[in-house]
Every structure is written in C-alpha cells, then in structure tokens.
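Okay, structure first, notes after.
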Amino acid sequence: MSVFDSNESFNWLCSVYDPALRNDSLLNLGKNRQQFEDLGPVIWNSPGQVTILLQEIISLYPYLTGNSPSLVLTPELSNRVCNVLVLFQCIALHPDTKMELINAQIPSYLFPFLQNMSENILKSREFEYLKLTSLGVFGSLVKSDSFEVIKYLLSTEIVPQCLKIMEVSSELSKTVALFIFMRIILNENGLNYIC
16 MSVFDSNESF
26 NWLCSVYDPA
36 LRNDSLLNLG
46 KNRQQFEDLG
56 PVIWNSPGQV
66 TILLQEIISL
76 YPYLTGNSPS
86 LVLTPELSNR
96 VCNVLVLFQC
106 IALHPDTKME
116 LINAQIPSYL
126 FPFLQNMSEN
136 ILKSREFEYL
146 KLTSLGVFGS
156 LVKSDSFEVI
166 KYLLSTEIVP
176 QCLKIMEVSS
186 ELSKTVALFI
196 FMRIILNENG
206 LNYIC
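Each number in this note's numbering comes from the position in the sequence shown (counting from 1) with 15 added on.
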C-alpha cells in the first residue's frame, strides 16, 4: 500500500511540517511504517522532510554531553528522536533511497548516539534506546549485501563503534552491533579490512 492511498497517512506526512503536530506525526508514521512500502522514498523526496528529521536529531546533541544539569534527556525527547530514526530506517531499507542516504552522509549524524558518553548518560534507558535505534539504521543498511554500502561503512567508525558496543551495552544493542559487524565481515572488503 502507498502512503498516498490513505488520507490518514498522507495527513501524518504533511503534519511533520507543523512543529505542533510533528511529534504525533512521527509516532504514527513510525508505528505504521510497515503498511507503506514507499514510505522511505516518499519521505526522502518530500521537500524539507529530511531536513526536519535531521534538525530533530541535531537538537538532541546538547543532551548527550551530560555537562549541564538543566539538560536532561527525558523519555519524551528520546522517543521523539527514536521515531525519527525509525523513519531513517525506512529510507535505509528501501533500494531506491539507500544509496541516496549514504551519498548525503546522513548516517554520520547518528554516530554521536553510538559514542561513549558520560557515565550518567550511558546508564540511562533513554540513551540506550537512541543507541539501539541508531544501530537499527546501520542494520537496515547492511541487510542488502551491497558493495557500496560496505565500502561506505568501512570509511566510517562503525566497526570500532560496534566492537565497543559489544563490550559495554545492553544485550539488545550488543546483538544488533554483532549483526552489523557480521554483515560487514561477510563481505570480502569487510573481511580484508578486519584482517
């Protein structure tokens, strides 16, 4: 089914532009993403949508330092950005937008959610959800055995990040990081990189 086949889903897509309605729209699009096979390309090709999603991600960066007591990563903030990351997973999974996402360097915006943070942030459930959902975007990228995807990922810090996550994160994050790592080394270039 297409996003355009449902008035409700089309309204959710349009409501992303309205800051007052955005949170509910992101939630509903994420919850219903599997109903719409074209959601990734529709978001990617809708004017300003990717920019809005990136703004949501970047708006959370100050909360990751743990240096300011006034900036507390709340469940609401974490869930909102997790919903954004779920939409990026749709873009990463779709064959028509996967390479577009990579060529635009969008995954590089997710690395702050994977990197080591202060002890307080590392132990928070909100941060763990962000890490797990960010890993989900990378996991979506590696699901297809694409030379270009692996080549891109090897040019980033994803391998060392996955290894670190496999040491110190929750079981679920460890599992997704292991999946990403395994998909990379199952590729000849990935194996050469590791060896």
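Positions of the beta carbon are idealized from the N, C-alpha and C atoms, including for glycine.
Keep in mind it's a predicted model, so treat the numbers as computed, not measured.
#1: Suppose only complete runs of 4+ residues qualify. What are the alpha helix (DSSP H) ranges in the segment 102–157, listed by chain order?
#2: If we count the other Cβ atoms within 10 Å of its Cβ and call it buried at 16 or more, is Leu201 buried or exposed?
#3: Identify which residue in Trp59, His109 and Leu86 has its Cα closest to the Cα of Tyr78.
#4: Taking Val31 and Gln64 to be in contact with their CB atoms under 8 Å, please state how far apart those CB atoms are, rounded to whole angstroms.
#5: Could you tell me which whole alpha helix (DSSP H) segments of length 4 or greater appear in the segment 35–103?
#6: Reducing DSSP to helix, strand and coil, say where Val31 ends up.
#7: Grouping DSSP H, G and I as helix and E and B as strand, with all else coil, what is Met213?
#8: Just checking my contact of Glu141 with Pro90 at CB under 8 Å: how many whole Å lie between their CB atoms?
#9: Does DSSP put Leu206 in a helix, a strand or coil?
#10: Within 10 angstroms of its Cβ, does Gln130 collect 16 or more other Cβ (buried), or is it exposed?
#11: Among Val164, Glu182, Leu102 and Asp111, which has the Cα closest to the Cα of Gln120?
#12: Hey, could you find the ends of the alpha helix (DSSP H) Ser188 is sitting in?
On the basis of the supplied data:
#1: Complete alpha helix (DSSP H) runs here, min 4: 113–118, 134–137 and 140–157.
#2: Its Cβ having fewer than 16 others within 10 Å, Leu201 is exposed.
#3: Measuring C-alpha to C-alpha distances from Tyr78 to each of Trp59, His109 and Leu86 identifies Leu86 as the nearest.
#4: About 6 Å separates the beta carbons of Val31 and Gln64, which is inside the 8 Å limit, making them a contact pair.
#5: Fully enclosed alpha helix (DSSP H) runs of 4 or longer: 54–60 and 64–73.
#6: Coil.
#7: Here the chain comprises residues numbered 16 to 210, so residue 213 is not present and cannot be evaluated.
#8: In this structure, Glu141 and Pro90 form a Cβ contact; the two beta carbons are roughly 6 Å apart against a cut-off of 8 Å.
#9: Secondary structure of Leu206 (DSSP, three-state): helix.
#10: Exposed, because fewer than 16 other Cβ atoms sit within 10 Å of the Cβ of Gln130.
#11: Closest by C-alpha distance to Gln120, out of Val164, Glu182, Leu102 and Asp111, is Val164.
#12: Boundaries of the alpha helix (DSSP H) around Ser188: Glu186 to Ile200.
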